[in-house]
């Protein structure tokens, strides 16, 4: 809220938070870049070739393109991702995923997406 004062605890810790910001930013950037590379590797290796990634435009989310015959709400059930319409995609066939998870968790999540797409089309 714009009208509430900052807590004393936060105000006292601002110098330490600002000092740690550069290192934390570098860690986030490294993780995001690594997970994006993993995503491309997994999609390139997928024999079905049914999922692609839209060009990343910054941030730590990416949009995956999946066959539009799959209902996004059905697809995200049990997965960690959001349907494309949460990101103003006007047609079916998109899934937004975060690039922030730990690398192994991210890899497992993308493998689950690929398996889910394959199962829903079977």
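Residue numbers (our numbering): 200 to 321. We put the CB at the ideal spot given by N, CA and C, even for glycine.
Kindly give me the distance between the Cβ atoms of residue 259 and residue 298, rounded to whole angstroms, as I take these residues to be in contact under 8 Å. Separation of the CB atoms of residue 259 and residue 298 is rounded to 5 Å, and the pair is thereby assigned contact status at 8 Å.
What whole-angstrom Cβ distance do residue 312 and residue 235 have, given they're in contact under 8 Å? Between residue 312 and residue 235 the beta-carbon gap is near 15 Å, outside 8 Å, which marks them as no contact.
Enumerated in chain order, which unbroken segments of the alpha helix (DSSP H) with a length of 4 residues or greater are wholly contained in the stretch 268 to 299? Annotation: the stretch 268 to 299 contains the following complete segments of the alpha helix (DSSP H) (minimum length 4 residues), in chain order: 271 to 275.
For a test of the three-state rule: what should DSSP assign to residue 253, helix, strand or coil? In the three-state reduction of the DSSP assignment, residue 253 falls in the coil class, being assigned neither a helical nor a strand state.
Comparing alpha-carbon positions, which option in 249, 237, 231 lies nearest residue 256? Minimum Cα distance to residue 256 is reached at 231.
Please classify residue 203: does DSSP put it in a helix, a strand, or coil? Looking at residue 203 - three-state DSSP - the assignment turns out to be coil, as it is neither helix nor strand.
Helix or strand or just coil, what does DSSP make of residue 247? Note: residue 247 maps to coil in three-state DSSP.
For the alpha helix (DSSP H) containing residue 312, name the first residue and the last one. It spans 302 to 320 - the alpha helix (DSSP H) in which residue 312 sits, taken as one unbroken run.
CA-to-CA distance, residue 249 to residue 229, given in whole angstroms: Taking the straight line joining both Cα atoms gives about 28 Å.
Give the C-beta separation of residue 316 and residue 266 to the nearest angstrom, bearing in mind that I take them to be a contact with Cβ-Cβ under 8 Å. So it is a contact: roughly 7 Å between Cβ atoms.
Taking buried to mean at least 16 other C-beta atoms within 10 Å of its own C-beta, is residue 273 buried or exposed? With fewer than 16 Cβ atoms within 10 Å of its Cβ, residue 273 is classed as exposed.
Taking the straight line between their C-alpha atoms, what separation do you get for residue 205 and residue 219? Distance between the alpha carbons of residue 205 and residue 219 is about 20 Å.
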